[in-house]
Amino acid sequence: MEKWQDQLHNFVDTLDRLKQHIHVTPEEEEAITSMKTKWGTTPYFASLMDPDDPACPIRRQVIPSLKERQNKFGVENYLIWKENRDTDEVRPDSIARQYRDRVAFTVTDVCANYCRHCFRKEAVVDRELKLRMDVDEGLAWIQSHEEIRDVLITGGDPFILADDKIEYLIRKLREIPHLQMIRFGTRTPIVLPQRITDGLKKILDGFHRVPIWINTQCNHPKEITDQTANAVFDLLRCGVNVGNQAVLLKGINDDVETFRELHQKLLTVRIRPYYVFYCEPAPGIDHFRTPVEKGAELIRDAIRGHTTGLAQPMYVIATNIGKIPLMPDYYIMGKDEKEYTLRNYQGKLTQWPVMPE
Ligand SMILES: *Cc1c(COP(=O)(O)O)cnc(C)c1O
Ligand code: SF4
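When the letters of the sequence shown are read in order and numbered with numbering that gives the first Met the number 0, they come out as residues 0 to 356.
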């Protein structure tokens, strides 16, 4: 089953199909049959699941859980607040804005994997929130806002769109004189690497005034395969850089060993770690969230100094007023007129001279 359309035709979104890949537990079965939520993944991604371990990091990202019924610490109507949809600025549903010079442009609500921890789950997974995703309306808004120089195309997963739709989007955006870059947020290199076809490569390829950047989402080293490596290499050959935006997920990647291995392994397939996001307080995903400090601690204890600097993402909380970095503040331990006392990743101290302004 190599064609990406076959992967979607055989989408694993029924109990029977899931049972072809794993031994489904009674809890998993009850969640699937009793909860009204969109779920599913590609046969490719399902094949990476551990058939015997319900705690498998891939299973937990794919299979609904009864825990999603609880919402003790999450925010109701999260997406409306998070994406500033109740402010005075008139914007199409497809445009989320937190910054002056760039926007997120949602072009579809279809995904190749319905991630249980999705922060846009109200629109994408649970589908209680209806957003109109009209591409031409969004393009017209961007065209008429000259301050926008960077458009982040997101979803859903924009690479689920047909080649001609992607080609149209890129062509129309490149015709806008104030646009300097296009970004795609897509999980396809991880959950559907078959999507990087010759046809898509032709659309993405080449030297252009307006470059294309991609960020994918990989949360655990198990998600990285030879097929991922090939898809990423193909994208790079087209002139498209590939970064990663991981989500910090309790019991999946919140221990030192897994967190380090994830970021090291991303570099082995040429994916550059960009962000690690704190898992957002969307309703029903309490069970995926750690304390906020955890991500900074993991960068301090697993990455910085312990391994290649390129493996270090920035740890951020994505709030309604933009992303806020929460990097470990462990390096300036003191300062007097003459010198700073600095601390390294091992806790060793050193001195550095003060330079007056
Ligand atoms: C994340 C996001 C961006 C892009 O942020 P960068 O820090 O530039 O990657 C832009 N707009 C919105 C609404 C976002 O959520
Ligand atoms: S691919 Fe992205 S938008 Fe789709 S469910 Fe996963 S996190 Fe949400």
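All residues carry an ideal CB built from backbone N, CA and C; glycine is no exception.
- Within the same chain, and ignoring the five residues on either side of Glu256 in sequence, no residue has its Cβ closer than 7 Å to its Cβ.
- Assignment of Phe287 by DSSP, reduced to helix, strand and coil, places it in the helix class.
- Of the heavy atoms belonging to ligand 2, at least one sits nearer than 7 Å to the Cβ of Gly154.
- Shown here, Lys337 sits in coil according to DSSP, grouped into three states, outside any helix or strand.
- Shortest Cα-Cα distance from Thr215 to any of Val231, Lys201, Thr224, Asp204 involves Val231.
- In the DSSP assignment, Asp87 falls outside any beta strand (DSSP E), carrying neither H nor E.
- The Cβ neighbour count for Lys293, taken over all protein chains shown within 10 Å, is at least 16; the residue is labelled buried.
- Segment contact: the segment 127-147 against the segment 167-176, three or more CB-CB distances shorter than 8 Å; contact assigned.
- Fully enclosed beta strand (DSSP E) runs of no fewer than 3 residues occupy 180-184, 211-215 of the segment 171-232, in order along the chain.
- Taken in chain order, the complete beta strand (DSSP E) segments of 3 residues or longer contained in the segment 267-322 are 271-277, 313-318.
- Sixteen is the threshold: since fewer than 16 other Cβ atoms of the shown chains lie within 10 Å of the Cβ of Ala161, the residue is exposed.
- For the set Glu28, Gln345, Pro42, the Cα lying nearest the Cα of Pro53 is the one of Glu28.
- Here Ser64 is buried, its C-beta having at least 16 other C-beta atoms within 10 Å.
- Here Tyr77 has Phe118, Glu121, Glu279, Pro280, Ala281, Pro282 as same chain residues with Cβ atoms under 8 Å from its own Cβ, once five neighbours each way along the sequence are excluded.
- Distance check between Thr24 and each of Leu168, Asp51, Glu75, Glu82 places Asp51 closest, using alpha-carbon atoms only.
- Each residue's CA atom was taken as its position, placing Ile316 and Val291 some 8 Å apart.
- Within the same chain, and ignoring the five residues on either side of Ala228 in sequence, the residues whose Cβ sits closer than 6 Å to its Cβ are Val268.
- When the Cα atoms are used, Ile169 and Ile181 turn out to be separated by approximately 8 Å.
- The C-alpha of Pro327 lies about 25 Å from the C-alpha of Ile284.
- With respect to Ile223, Leu191 sits apart: the two C-beta atoms are not nearer than 8 Å.
- Boundaries of the beta strand (DSSP E) harbouring Ala103: 101-105, taken from the DSSP string.
- Bridge pairing for Leu151: Ala103, Arg182 [DSSP].
- Distance from the CA of Phe72 to the CA of Ile62, rounded to the nearest whole angstrom, comes to 21 Å.
- Nearest neighbour of Val241 by Cα position, chosen from Cys55, Leu248, Glu166, Tyr274, turns out to be Tyr274.
- Lys201 counts as exposed, since fewer than 16 other beta carbons sit within 10 angstroms of its beta carbon.
- Comparing alpha-carbon positions, the option among Pro157, Ile94, Val150 lying closest to Arg131 turns out to be Ile94.
- The beta-bridge partner set that DSSP reports for Pro25 is empty.
- Not one heavy atom of ligand 2 falls within 7 Å of the beta-carbon of Asn252.
- Residue side-chain check: Tyr113 places its Cβ nearer than 7 Å to a non-hydrogen atom of ligand 2.
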